[in-house]
Structure formats: structure tokens, C-alpha cells
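Chains as they are written, first to last, in the working numbering: chain X, 124 to 541; chain S, 124 to 541; chain D, 124 to 541.
Spelled out as C-alpha cells, the structure:
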């Protein structure tokens with residue numbers, strides 16, 4: 124009887140934990156609508172169908188490739204796992220134990236899979252915005268499939284699959300993926316933009332011509348949904364419903380987002396002489412990316428500082444990439460790569476793990492993952508470019524990808540500014 | 124003391140279960156915004172206020188009629204219930220037991236009511252899209268009230284209220300409502316479209332003129348919110364927070380949605396020669412509707428197959444209904460009726476219950492419910508048509524229902540394409 | 124062993140309770156996107172960037188000022204608390220006990236803080252809509268910071284911080300803030316509108332010129348998200364996951380929202396001769412605000428009555444404020460102030476606490492809080508007006524605040540109606 128009671132109590136906690144993880148999964152899912160809205164809002168209306176198409180397909184690509192190979196590449200378990208590579212076989216399935224707390228006190232096998240699959244898909248989405256308005260649809264889909272199905276999980280395994288970055292004396296730390304998700308996506312975006320080149324008309328001689336996005340409400344809807352989704356992204360990364368830890372993470376996450384908005388408002392108003400809504404929106408995301416690596420390690424003050432710095436960084440980073448003619452229509456590289464790196468290093472500078480040794484481990488993680496993703500995505504872009512081509516014709520780019528790739532318009536009822 | 128501990132343990136599980144069911148209720152609620160956005164996006168801007176108006180009123184109509192009679196028609200309990208009809212009286216209320224696990228281990232009486240009420244309202248919403256752009260507002264509201272208040276719960280009782288379909292030797296199976304919700308809504312949509320006739324200009328002689336929707340971002344927002352809502356629609360249909368079962372259902376649901384997107388992309392790109400965003404969006408919904416009847420019975424592979432087939436079906440179904448001049452502006456009949464039927468039959472073809480006997484029971488359910496809903500909605504449409512009329516004048520239809528029915532415009536600031 | 128089991132059982136309940144409170148926090152957060160969408164939709168496209176900017180910054184301002192002082196002004200605890208004022212010091216932090224059920228059976232210290240912070244920010248958002256289309260950005264931000272950081276928590280403390288309104292013989296009752304949140308925001312909106320004056324062209328001599336909002340879909344998205352958020356706003360105000368109480372609250376909340384839509388549809392169709400979508404949307408919000416003070420005290424019938432009356436009130440209130448030339452572009456004063464007052468008084472008229480003594484206490488609360496907020500916000504507006512100025516130039520107002528304050532456009536791709 125005693126042990127029966129104990130079992131029931133354990134099951135109850137398992138039920139609550141798993142419930143939180145399922146809600147976190149739903150919240151991470153809605154980030155895909157956030158990305159779709161943000162990217163559509165920050166680009167021109169002649170490319171909106173194309174953006175929406177990519178973002179509507181990516182969750183499917185992410186979830187299905189993760190089913191086939193990704194999950195088992197990222198979390199090889201004991202079956203076959205080295206320090207840098209492992210694979211637990213094709214497909215997903217579980218025995219009865221996978222449905223109980225024997226599998227994990229925090230979640231079932233299915234919840235584990237789906238939460239991680241939703242994460243995986245976000246990495247591909249990050250690339251989508253940066254390469255928008257000139258990439259061929261088919262080429263993007265091929266890249267995304269291999270990126271999310273192979274590159275993302277292989278490098279993620281180094282830390283979350285208990286690979287070599289996790290096995291260092293002072294383990295690399297990345298709570299919810301400033302590096303493993305955001306900078307991985309960001310590096311893929313950066314190489315993509317380099318292989319593609321800037322949009323027609325963006326840089327004429329030494330002049331930067333701003334190409335404003337077509338709908339600020341869509342952009343704002345996107346960012347709010349991303350903030351909402353981050354409650355699951357970071358909150359779910361606790362991997363249980365632990366009251367103290369999850370609620371701390373939600374507080375640090377929200378404080379960093381808030382301070383990111385402040386930092387970007389301050390920087391754009393002071394240095395760009397205008398309170399720029401796109402900067403504030405990206406500032407919120409910058410704060411969120413920045414806190415992600417150490418959301419469970421920070422107190423309120425550190426969270427505000429990290430968020431505020433991230434918000435300032437993103438403004439200067441956007442200006443910087445334009446200066447070096449890296450054309451990223453939505454600022455994805457600045458948000459996810461630059462602030463992802465900053466956030467990862469911040470674990471060595473602020474909070475419970477601050478110290479030189481940790482900083483050094485963070486740096487090793489940032490650099491090694493960066494090198495791996497730059498090399499692998501470059502190869503991938505190169506192969507795609509030399510086989511399918513990656514850029515639409517200049518006529519199609521000028522006319523818009525909606526007509527060129529989809530023979531449709533996003534807003535057929537409305538007059539466009541010619 | 125022993126029994127006190129046991130009671131506390133039971134209460135804790137009840138609290139977690141009920142918590143999940145409340146979250147599922149909230150998720151099903153947000154499907155109404157999904158429908159509103161999708162239907163508005165896939166129709167013309169001159170009818171947007173009208174679409175939004177209908178969708179803003181439907182949840183209220185659904186919830187209030189369900190309070191008055193619907194809940195007690197659908198779940199008559201022991202008070203008065205036959206095989207084909209039952210009624211537990213007017214209004215909702217509960218004693219103290221209704222607030223404890225005595226009522227049900229998974230939820231309180233209030234949670235039960237609200238979850239079911241949110242479901243009911245979705246059935247009316249399905250009709251809304253199909254009859255858009257030409258139905259009189261008042262007539263639609265009268266139809267919806269009677270449809271959701273009487274027809275939906277009376278036929279739902281056959282299965283979920285433990286009526287005759289549930290009492291068959293091999294019971295008809297419909298986990299979350301491919302038939303009971305989606306095809307019921309779909310049949311109501313089909314009869315409505317037949318009584319209304321096609322929109323002016325859609326079919327001229329033997330030619331089908333596409334009438335594109337006015338906002339693809341709205342359509343995409345709608346579909347993502349519907350996918351999100353389906354986490355509650357299917358996940359909540361477990362009727363508890365059971366970790367293994369709910370998490371399986373979320374996985375099968377997401378895999379089917381993903382594969383639905385793939386199937387529709389494949390079919391539209393191959394057969395229609397264009398990667399059509401509206402097809403992909405409807406493909407996601409097709410996969411979701413398709414998996415709904417057996418979301419708890421399938422493994423990953425079956426889920427992917429069901430979703431993929433649903434995604435292909437929806438593309439051909441949309442083309443087919445246009446060929447026979449059934450004018451459904453948003454594809455609701457293809458998504459909810461056709462894929463609802465396929466999904467219901469799929470329970471006999473795939474997964475834990477596959478087999479001829481089950482397939483036969485599924486067919487009985489599909490046909491009997493179809494016959495009942497076609498007859499009752501036809502009578503209802505006929506009565507409404509012969510008393511109030513159901514179609515706006517051709518002048519009003521041409522000018523748009525926003526000015527005609529509401530004396531308003533959805534986007535007064537923007538120039539329209541004439 | 125016995126006590127160990129008991130402890131585990133207590134912890135499990137604490138985990139489930141805290142989980143619900145975190146979800147409620149996320150739901151209240153999404154209300155900010157609701158407000159942003161609604162306010163943007165109901166105003167002109169030339170001021171959309173400005174609306175979005177304010178609403179993107181407000182959550183940050185709310186959360187950060189609440190971190191600095193607000194939380195400790197509103198919930199001073201035992202440190203230093205009188206009947207009308209208390210303060211627990213600057214900043215937020217907690218010891219280990221704050222992470223356990225020792226702090227509260229329903230939530231951790233961090234959850235408590237974040238849930239309350241999200242509430243605080245909504246009060247500032249209410250003002251935003253009413254003063255839209257003519258207020259200077261900087262002045263609004265200064266007002267908001269002091270309003271949400273000082274005025275809101277100081278007056279909130281009177282009831283929720285166990286101040287004098289809570290200590291009356293028959294305590295003032297305000298379950299989730301019809302008065303403490305909505306009317307506080309509403310009074311701030313009213314004084315703001317009076318100090319600002321109406322928009323150019325709204326009232327010409329004795330004529331009221333309607334200035335329609337630019338996007339009905341945005342407005343509808345806003346209201347649906349607010350209804351969703353209210354599941355957390357009211358449901359979270361139970362302060363635990365108590366199955367019976369939370370589920371009752373969700374039912375009363377949804378019934379009132381539903382009936383609010385009906386009431387507004389009825390009133391606008393009957394008296395304004397047109398089924399006005401903006402009235403129905405505001406009717407939903409009116410029902411929600413109306414039920415908020417007593418959402419835990421009402422049965423289904425009372426909830427429907429309160430919602431229906433609120434829906435009618437809001438229509439007449441909007442007309443009334445236009446008649447006395449109080450120009451509120453989004454109807455925020457009618458929704459939040461007028462229905463907030465009605466809902467607070469309704470606690471004395473309907474439900475478990477109905478009675479003259481309670482009604483009298485409700486009246487004391489409404490009036491005393493009204494007087495305090497009118498005086499303090501008037502002083503604040505006056506100081507801001509005489510130092511920074513509060514209204515943009517008439518040239519800027521005519522051209523739009525997007526170009527004037529932000530040098531941007533919300534929809535650069537589309538032709539505007541001149």
C-alpha cells in the first residue's frame with residue numbers, strides 16, 4: 124500500500140510535469156506563426172505569398188525530418204554515441220516505459236520528441252527571413268530539409284545529446300539554445316546571404332537604400348507571438364514544471380525582453396534620431412535571444428542588463444551589416460546570431476556560473492559550433508547553387524516572387540504604390 | 124489518515140486533469156479566431172466586415188444555445204435518454220459533486236460544459252466560410268442558432284451522448300469529431316451552398332473564374348491558429364491529462380498536419396503546376412481533420428500517411444467541387460466534409476482498430492449522420508429561404524456585403540483595385 | 124515517512140497550482156497583443172506605427188517599473204503597510220521559501236510577481252487607445268511610466284494589498300479588477316482625453332464626424348486575443364488551479380462575453396439601425412469587463428444578464444461620449460471605465476454577495492478610487508502638458524503621427540485614399 128501511494132504521487136508529479144511540457148510545445152509551435160508574421164511584415168508585399176509559403180511548410184519539414192532522423196541524431200542515447208556523432212536509428216516509436224516517468228520524470232517519449240521537433244523547426248525559420256525576397260523556393264526547401272534534418276541535430280548533439288561540449292571539464296552551458304538554436308540558425312542565415320548576395324537596389328555604390336517592410340502590424344503580431352512562444356521555449360527548457368525554476372525563467376525571460384525593447388528604443392532614438400518600431404521589435408527579440416543561454420542562472424538585475432545590452436547591440440548590428448553589404452531584410456542575423464553569441468558569452472559574465480573558466484568554455488562552444496555550421500551550410504549552399512541555382516532571375520525579383528514562384532498575389536484587392 | 128492521503132492524491136490528479144481540459148478549452152476557443160482570419164483572408168475585402176461579424180457572433184451563439192439546450196441534448200445522461208434522442212432539461216447548473224472527481228476524474232461539470240460548448244460553436248463556423256459573400260446576415264444567424272443549438276447536439280448524442288452509434292456491437296469510433304464536428308459542419312455547408320447557388324461571376328458557362336481571397340497573411344494566421352487550437356481539440360478529447368495518451372495525440376495530430384502540408388504541396392505543384400499557398404494551408408487543415416477521428420489510435424507512420432492522403436484529397440476535392448459548380452469560397456466542404464469522411468473511414472483502415480467490422484461501423488456512422496444532417500439542414504435552409512430569404516440582392520453582392528449589410532468598410536483607408 | 128508523503132502531496136498540488144498561474148500569466152501577456160491589434164485596427168493607418176510603438180513599449184515599461192517599485196507598492200506585506208499606503212522597498216528578490224508553498228499554496232514569488240506585472244501593464248494600455256492619434260510619443264511614455272509604476276499600484280494596494288477598502292466591515296469586492304484595473308485605466312484615459320481635446324475634424328460645430336478605423340480584421344484579432352487573455356485574467360485571479368472555482372470563472376467569463384456580443388448587436392441593430400462590427404467587438408469586451416469584478420460569484424444566468432447589459436451600455440456610452448465631445452477613438456472609456464463601474468456595482472446586485480451593504484461598499488470603492496485616480500492623473504497630465512506638451516502640432520496630426528514621430532509608414536506598399 125505504501126508503495127502504491129508513492130507510485131500515485133510520482134505519477135501525479137509526472138502528469139503535471141508532462142502537462143507543462145506539452146503546453147510549452149504548443150507555445151513553441153506558435154513561434155512559427157510569429158516568424159511567418161514578422162518576416163512577412165518586414166518584407167515587401169510582392170513577396171508575401173512566398174514568405175508565408177516557406178513558413179507554412181517549414182514546421183512540416185522540421186517535424187517530419189525530425190521523425191525520420193533528427194531526433195535520433197540529436198539524442199542518440201546509449202545505442203551508438205560518440206563525442207561528436209551518434210545515431211539511434213530511423214523513425215520514432217516507444218514501448219510502454221516511454222509513456223511513464225521511467226523514461227523521464229518530466230515528460231513522455233512523445234512529448235520529448237514533439238518539444239524538440241518544434242525547436243528544430245525554428246532553426247530553419249531563422250534562415251527564411253534573411254534570405255527572403257530573392258531565393259528560389261525549391262532551393263530553399265532543399266536547404267531547409269537538410270539543414271533541419273542533419274546539420275541542426277548533429278551539432279545540437281554536441282551539447283544536448285551529451286556530446287563533447289557537454290563532457291568538457293567545465294561544460295559549455297546553453298540553457299535553451301542561444302547558440303544551439305539561434306546562432307545555428309543565424310550562421311545558416313549568414314552563409315545563405317553571402318551566397319545569395321544583396322537584393323537588387325539595396326546597395327547602390329556606397330549608398331544603403333532602405334527597403335521598408337510592407338506591414339508593421341504583421342511585424343508586431345509576429346514579435347508578440349514570439350515573446351509568448353518564448354515562455355515555452357525557455358520555460359519548457361527546464362524540462363519539468365518545477366515551480367521555482369520555471370517561474371524564475373519566465374521572469375528573467377520577460378525582463379530581458381522588456382529591457383531589450385528599452386535598449387533598442389534608446390539606441391535608435393539617440394543614434395538613429397528616430398524611435399524606430401522595427402528596432403524596438405527586434406530589440407524585444409534580441410533581449411529574448413540574449414537571455415536564452417542563461418535564463419535559469421540570472422537574477423532580475425542581470426536579466427535587465429543582458430536584455431538592455433542586447434537591445435543596443437541589435438541596432439548597431441543592423442547598421443553594421445548594412446555597412447558591409449550583408450543584406451538581411453528582417454535583421455535575423457543581428458537578432459539570432461549576434462545576440463545569440465552575446466547571450467552565450469553572457470553566461471560567463473553574469474549570474475550563477477560567471478567566471479573565466481565558464482567564459483572560456485562558452486567561447487569554445489560558440490566558435491566550434493560556428494565553424495561547423497559555417498562549413499556545412501556553405502557546402503550545402505554551394506551544392507544547391509551549382510545544381511538547382513539559388514537566386515531567382517532579376518526580372519522575377521523585380522516583379523516579385525509571389526507572381527514568379529506562385530502565380531498569386533497576397534493582396535489582389537488593393538492598389539500598390541508603383 | 125490513509126484515506127485522507129488517498130483523497131488528496133486523487134484530488135491532485137483531478138486538479139491536473141482539469142487544468143489540462145481548461146487549457147484545451149482555451150485552445151479550442153482560439154480556433155474561432157482561426158476560422159475568422161482564414162475565412163476573411165480567403166474572401167474579398169468588400170465582404171470582410173460581414174465575415175468578421177458572423178465569426179464574432181458565432182462563439183456567443185454557440186455558447187449561449189449550448190447553455191440553454193445544447194449541452195443537455197448532447198449529453199442527456201440518465202435523466203431521459205433513448206438511442207436516438209435524449210434531453211436533460213433546460214439550462215446548466217451543478218451541485219457540489221459536479222465540482223469534484225465524483226463527476227468525472229478528468230474535469231468538473233463547468234469545464235465539461237465549456238469544452239463541449241467551444242466544440243459546438245466550431246460546427247457553425249465551418250458553415251460560415253462556405254456560404255460567404257452572398258448570404259443574408261440575419262438568415263445566417265437564424266440558421267446558425269438552430270444548427271448549433273439543435274442539429275449538432277442531437278446528432279452528436281448518437282455517439283458521444285452514448286446513443287445508438289455508440290451502442291452498436293462494434294461501436295462507431297470518432298475520437299475528436301472528424302464526423303461529429305467536421306462533417307456535420309461540412310454537410311451543413313454543402314446544403315447551404317446548394318440552396319444559395321454560386322457567387323455571381325464564379326461560373327460563366329463552362330468556365331471557372333477563380334475569385335482570389337484578399338489577404339494571404341490573414342489566411343495563414345488563421346491556419347496556424349487552427350493548428351494550435353487542434354492541440355486542444357484533439358488533446359482535450361482524451362478527457363484527462365493522461366501523459367502517454369495526450370502526448371501521443373499531439374504527435375499524431377502534428378504529424379498529420381505536417382504531412383497534409385506536404386501532400387497538398389505535392390499535389391498542387393504537380394497537378395496544378397504551381398505551389399499554391401491556399402492549397403498548402405488547406406492541406407494542413409485537411410491533415411488535421413483527417414487525423415481527428417483516430418488521433419489516439421495511430422502510430423507515427425499511419426499519421427503521416429493519413430495526413431498526406433488528406434492533403435492530396437483536398438486539392439482534388441477543391442477542383443472537383445468547382446467542376447460541379449458547388450461554390451465554396453474557402454474550401455470548407457473539401458476540408459471538413461470530404462477529409463472528415465476520409466478520416467473517419469481511416470479508423471477502419473489504419474491503426475489499433477483497423478479491420479472490416481470497424482470500417483463497416485465507420486461507414487454506418489458517416490452515412491447515417493450525413494443523411495440526418497442533410498435532411499435537417501435542408502429543411503432549415505428551406506424554411507429560412509421561404510420566410511426571410513437567404514441571398515442578398517445581386518446589387519448588394521456586387522457592391523459587397525460590408526456596405527450592404529453593415530454600412531461599413533473593412534479597410535476605409537486603402538484604394539481598392541476597381 | 125508519513126510526513127514525507129504529505130510533503131510530496133503538498134508539493135504536487137503546489138506544482139499544479141503554480142503551473143496554472145504561469146499559464147494565466149502567459150494569457151494575460153497576450154492581451155497586450157490584443158490591445159495593440161484592437162487599437163491599431165480602430166484608428167487610421169497614418170497613426171498605426173505610433174500605436175504599435177506605444178503598445179510594444181508598454182509591457183516593458185510595466186514589467187520594469189513593477190520590478191523597481193510597483194510590486195512592492197501594491198503588495199507591501201508586513202514590512203511597512205498602512206491603510207492607504209505601503210512600500211516593501213525597491214526591487215524584487217526572494218529566498219528559498221519564496222519558491223515553495225510556504226510563500227503561497229498557489230504560486231511562487233516569481234509567478235506572483237510576473238502575473239501581477241502583466242496586470243499592471245494592461246492598465247497603461249487602456250489609456251493608450253483613448254489618447255491615440257494626437258498625443259506626443261514622449262509625453263505618453265512619461266505618463267505611462269508614472270501611471271503604471273506609481274498610481275496603479277498605490278490604489279491597487281487599497282484592496283489587493285489589504286488596505287482600507289479590504290478592511291471595511293463589508294469589504295469592497297473586486298475579484299479580478301473591474302475597478303482596480305479597468306476603471307483605473309479608464310479614469311486615466313478620461314482625464315487624458317479631456318486634457319488633450321478631440322482629434323481635428325471629429326466634432327465640427329454640433330456635428331459628430333465618424334472617423335472609421337483602418338482595419339477591421341486587426342480589430343477582430345485584437346478582441347479575440349483579449350477574450351483568450353481573459354481566461355488568464357479572470358481564471359488566474361483564483362490564485363490557484365482550484366478545479367471548481369477556476370472552471371466556474373471560465374464559464375461566467377465566457378457567458379458574459381457571449382452575452383455582451385448579443386447585447387451590443389441588439390442595441391446597435393435596433394437603435395443605430397446597423398449591425399456594427401465595432402460595437403459587437405466592444406460588446407464582447409464590455410461583457411468581459413462587466414463580469415470581471417464578480418466572475419467567481421455569479422451563476423450562468425447572472426453572467427448572461429451582466430454581459431448583456433454591459434453590451435447594451437457600451438453602445439449607448441459610445442454615443443454619449445461623442446455627444447459631450449469626449450473623443451475616444453477606440454471606445455476605451457466606455458468599455459473599461461463605464462462597464463468597469465457597472466461590473467463592480469453588479470457584485471451588489473447579482474450573485475453570492477448581492478445586497479445593499481455590499482452595493483454600498485462597491486460604491487465606496489468605485490468613488491474613492493475614481494477620485495484618487497482622477498486627481499493624480501490630472502496632476503500628472505498637467506505637469507506633462509506644461510513641461511513637454513502633450514499634443515502634436517496640427518500639421519503633424521493631419522499628416523499622421525507615423526511620419527511625424529517615427530519617420531515611417533505602416534503600409535508603404537499600398538495606395539491610400541486621399
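We put the CB at the ideal spot given by N, CA and C, even for glycine.
### Task
Throw me the rounded Cβ distance for the residue 312(S) and residue 456(S) pair, which I believe falls under 8 angstroms.
As a first step, residue 312(S) must be located in the second chain, where it is residue number 189. As a first step, residue 456(S) must be located in the second chain, where it is residue number 333. Right, their Cβ atoms sit about 5 angstroms apart.
### Query
Got a sec? Which residues, its chain only, sit under 7 angstroms from residue 470(D) by beta carbon, not counting five neighbours each side?
The residue labelled residue 470(D) in the question sits at position 347 within the third chain. Once the five neighbours on either side are set aside, the close Cβ partners of residue 470(D) are 296, 416, 417, 420, 476, 481, 485.
#### Entry: Backbone CA spacing between residue 518(X) and residue 257(X) [nearest angstrom]
Mapped onto the first chain, residue 518(X) falls at position 395. Mapped onto the first chain, residue 257(X) falls at position 134. The alpha-carbon atoms of residue 518(X) and residue 257(X) are separated by roughly 11 angstroms.
### Query
For the putative contact between residue 247(X) and residue 185(X), defined by C-beta atoms under 8 angstroms, what is the C-beta separation to the nearest angstrom?
Here residue 247(X) refers to the residue found at position 124 of the first chain. Here residue 185(X) refers to the residue found at position 62 of the first chain. So it is a contact: roughly 6 angstroms between Cβ atoms.
### Query
With distances taken from CA atoms, which of 268(X), 307(X), 381(X), 175(X) is nearest residue 488(X)?
On the first chain, position 365 is the one that residue 488(X) refers to. Minimum Cα distance to residue 488(X) is reached at 307(X).
### Message
Here's the rule I'm using: 16 or more other beta-carbon atoms within 10 Å means buried, otherwise exposed. How should residue 387(D) be labelled?
### Response
Against the third chain, residue 387(D) aligns to sequence position 264. When all chains shown are included, residue 387(D) counts as buried.
### Message
Could you tell me the alpha carbon to alpha carbon distance between residue 251(D) and residue 142(X), rounded to whole angstroms?
### Response
Residue mapping note: residue 251(D) aligns to position 128 of the third chain, counting from 1. Residue mapping note: residue 142(X) aligns to position 19 of the first chain, counting from 1. The alpha-carbon atoms of residue 251(D) and residue 142(X) are separated by roughly 36 angstroms.
### Query
Just how far apart, CA to CA, sit residue 473(S) and residue 368(S)?
Stepping through the second chain from its first residue, residue 473(S) is reached at position 350. Stepping through the second chain from its first residue, residue 368(S) is reached at position 245. Straight-line Cα distance between these residues: approximately 18 angstroms.
### Query
With distances taken between CB atoms, is the gap from residue 132(D) to residue 132(X) smaller than 8 angstroms?
Within the third chain, the letter at position 9 stands for residue 132(D). Within the first chain, the letter at position 9 stands for residue 132(X). Their beta carbons are under 8 angstroms apart, which means residue 132(D) touches residue 132(X) by this criterion.
### Query
Do we get a CB-CB distance below 8 angstroms when we pair residue 297(S) with the residues of chain D?
The count along the second chain starts at 1 and reaches residue 297(S) at position 174. Not an interface residue.
### Query
What residue from 167(X), 364(X), 317(X), 236(X) has the CA that sits closest to residue 340(S)'s CA?
By 1-based counting over the second chain, the position of residue 340(S) is 217. If we check each option's Cα against that of residue 340(S), 167(X) comes out closest.
#### Entry: Whole-angstrom distance between residue 276(X) and residue 77(X), CA atom to CA atom
The first residue shown for chain X is 124 and the last is 541, placing residue 77(X) beyond what the model contains.
### Chain-ordered chain S contacts of residue 216(X) [CB-CB under 8 angstroms]
Here residue 216(X) refers to the residue found at position 93 of the first chain. Neighbours of residue 216(X) on chain S, chain order: 422, 423.
### CB of residue 260(X) within 8 angstroms of CB of residue 528(X), strictly
In the first chain, residue 260(X) corresponds to position 137, counting from 1. In the first chain, residue 528(X) corresponds to position 405, counting from 1. For residue 260(X) and residue 528(X), yes; Cβs fall inside 8 angstroms.
### Query
Exposed or buried, residue 511(D), counting other C-beta atoms within 10 Å across all chains shown (16 or more means buried)?
Within the third chain, numbered from 1, the residue matching residue 511(D) stands at position 388. It counts as exposed.
### Task
Count the other CB atoms, across all protein chains shown, that sit within 10 Å of the CB of residue 327(D); report buried if there are 16 or more and exposed otherwise.
For the purposes of this step, residue 327(D) is taken as the residue at position 204 of the third chain. Classification for residue 327(D): exposed.
### Message
If we define contact as Cβ-Cβ less than 8 angstroms, is residue 343(S) a contact residue for chain X?
### Response
Numbered from its first residue, the second chain carries residue 343(S) at position 220. Closer than 8 angstroms: yes.
### Candidates 436(D), 188(D), 360(D), 532(D): closest to residue 377(X) by CA position
Numbered from its first residue, the first chain carries residue 377(X) at position 254. For the residues 436(D), 188(D), 360(D), 532(D), the minimum Cα distance to residue 377(X) belongs to 188(D).
### Task
Using a Cβ-Cβ cut-off of less than 9 angstroms, give me the residues of the stretch 148–163 of chain X that come near chain D, in sequence order.
150
### Query
With respect to the alpha helix (DSSP H) encompassing residue 256(D), which residues constitute its N-terminal and C-terminal limits?
The residue you call residue 256(D) lines up with position 133 of the third chain. Where residue 256(D) is concerned, there is no enclosing alpha helix (DSSP H), given that its DSSP letter is neither H nor E.
### Message
Run through chain X and tell me which residues come within less than 9 angstroms of residue 553(D), C-beta to C-beta.
### Response
The displayed coordinates of chain D run from 124 to 541. Any statement about residue 553(D) would go beyond what the structure contains.
### Query
By a C-beta neighbour count over all protein chains shown, 10 Å radius and 16 as the cutoff for buried, is residue 524(S) buried or exposed?
Along the second chain, read from residue 1 onward, the residue named residue 524(S) stands at position 401. Counting Cβ neighbours within 10 Å, residue 524(S) comes out buried, since at least 16 surround it.
### Query
Going along chain X, which residues have a C-beta under 9 angstroms from residue 261(S)?
In the second chain, residue 261(S) corresponds to position 138, counting from 1. Correct list: empty, because the minimum Cβ distance to chain X is about 26 angstroms.
### Three-state secondary structure assigned by DSSP to residue 102(X)
The requested residue 102(X) does not occur in the structure, where chain X is confined to residues 124 to 541.
### Task
Identify every residue that forms a DSSP beta bridge with residue 204(S).
As a working mapping, residue 204(S) is identified with position 81 in the second chain. Partner(s): 209(S).
### Message
Three Cβ pairs or more, each shorter than 8 angstroms: is that satisfied between the stretch 347–367 of chain D and the stretch 210–225 of chain D?
### Response
no
### Query
residue 380(S) and residue 410(S): beta carbons closer than 8 angstroms?
Position 257 of the second chain holds residue 380(S). Position 287 of the second chain holds residue 410(S). Yes, these two residues count as a Cβ contact at 8 angstroms.
#### Entry: Where residue 539(S) falls: helix, strand or coil (DSSP)
As a first step, residue 539(S) is located in the second chain; it is residue number 416 there, counting from the start. Reduced to three states, the DSSP call for residue 539(S) is strand.
### Message
Please report the distance separating the alpha-carbon of residue 172(S) from that of residue 499(S).
### Response
Walking along the second chain from the start, residue 172(S) turns up at place 49. Walking along the second chain from the start, residue 499(S) turns up at place 376. If I take the Cα positions, the gap works out to 29 angstroms.
### Message
I'd like to know whether the C-beta atoms of residue 466(X) and residue 433(X) end up nearer to each other than 8 angstroms.
### Response
For the purposes of this step, residue 466(X) is taken as residue 343 along the first chain, with counting starting at 1. For the purposes of this step, residue 433(X) is taken as residue 310 along the first chain, with counting starting at 1. Cβ distance < 8 angstroms, so residue 466(X) and residue 433(X) count as in contact.
### Query
So is residue 502(X) buried or exposed if we call it buried at 16+ other beta carbons inside 10 Å?
Against the first chain, residue 502(X) aligns to sequence position 379. Its Cβ having fewer than 16 others within 10 Å, residue 502(X) is exposed.
### Query
Which residues share a DSSP beta bridge with residue 322(D)?
One-based indexing of the third chain puts residue 322(D) at position 199. Partner(s): none; residue 322(D) has no beta bridge.
### Query
Does any CB atom of chain D fall closer than 8 angstroms to the CB of residue 182(X)?
As a working note, residue 182(X) is residue 59 in the first chain. Chain D contact via Cβ: absent.
### Message
So residue 270(S) contacts chain D; which residues on that side make the cut at Cβ distance below 8 angstroms?
### Response
Position 147 of the second chain, counting from 1, holds the residue named residue 270(S). None at all; the shortest Cβ gap to chain D is about 17 angstroms.
### Query
Taking C-alpha atoms, which residue in 240(S), 201(S), 302(S) lies nearest to residue 458(S)?
Indexing the second chain from 1 puts residue 458(S) at position 335. Closest option to residue 458(S), Cα to Cα, is 302(S).
### Message
Using a 10 Å radius around the Cβ and a threshold of 16 neighbouring Cβ atoms, would you call residue 130(X) buried or exposed?
### Response
On the first chain, residue 130(X) is found 7 positions in, with the first residue counted as 1. Answer is exposed; the Cβ neighbour count stays below 16.
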